[in-house]
Amino acid sequence: MWAAEEGVPLKPMWEALDGNSIGGLLIDVFAADMTAASSTCGTCGAVRPVAELVVYRRAPGTVVRCRTCGSVLMVFVQAHGVTCVDLAGLASLSQAGPVLPQERDTRRALCPNERTGECGRNEYAE
Ligand SMILES: [Zn+2]
5 MWAAEEGVPL
15 KPMWEALDGN
25 SIGGLLIDVF
35 AADMTAASST
45 CGTCGAVRPV
55 AELVVYRRAP
65 GTVVRCRTCG
75 SVLMVFVQAH
85 GVTCVDLAGL
95 ASLSQAGPVL
105 PQERDTRRAL
115 CPNERTGECG
125 RNEYAE
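Heads up: the sequence shown runs through residues 5 to 130, numbered per the numbering used here.
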């Protein structure tokens, strides 16, 4: 698929991975293995395990997209040793255990300073 030419990196800048690649990141944020959790796309309503979502890892953030419509579901930004997560694109995210108190709560960014890139607080430490 990718022709190896001199001076051209073998890997494309936007290499698509799947949700399993962010298993460790999800454990950092949710303190639980979320790869088997059920996600619902807020745009098209597609429901699938997190492990099957499309993941793009690009410093300093990680973008998780819907495999059906391509909408951004989750954004993880690591700054100052803190991982901030924006779940605004999700209609819901659920697994067996209680991770988020209410489905509606996924419609807000957990890190209020995400847009400025300044993540001074860890919103999910408790
Ligand atoms: Zn979708």
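Using N, Cα and C, we set each Cβ at its ideal position, and we do this for glycine too. Here the structure is a predicted model, which is why all the values come from computation and not from measurement.
Local conformation of Q106 per DSSP, three classes: Because the pLDDT at Q106 is just 46, under 50, the model does not fix this residue reliably, and the value given afterwards should be weighed accordingly. In the structure shown, Q106 sits in coil (DSSP, three-state: anything other than H, G, I, E or B).
task: Report all residues from its chain with a CB closer than 7 Å to the CB of G27; omit the five preceding and five following residues, and keep chain order.
output: D37, T39
- prompt: Nearest to G65 by alpha carbon, out of M78, E56, S96?
  reply: M78
Contact check, L53 vs A41, beta carbons under 8 Å: This sequence places Pro at residue 53; Leu is not what is there. Contact: yes.
- prompt: Whose C-beta lies closer than 8 Å to the C-beta of P105 among residues of the same chain, with five residues either side of it excluded?
  reply: The predicted position of P105 is uncertain, since its pLDDT is 48 and thus under 50; no value can be drawn from it.
task: Tell whether a beta-carbon distance below 8 Å holds between F80 and L29.
output: yes
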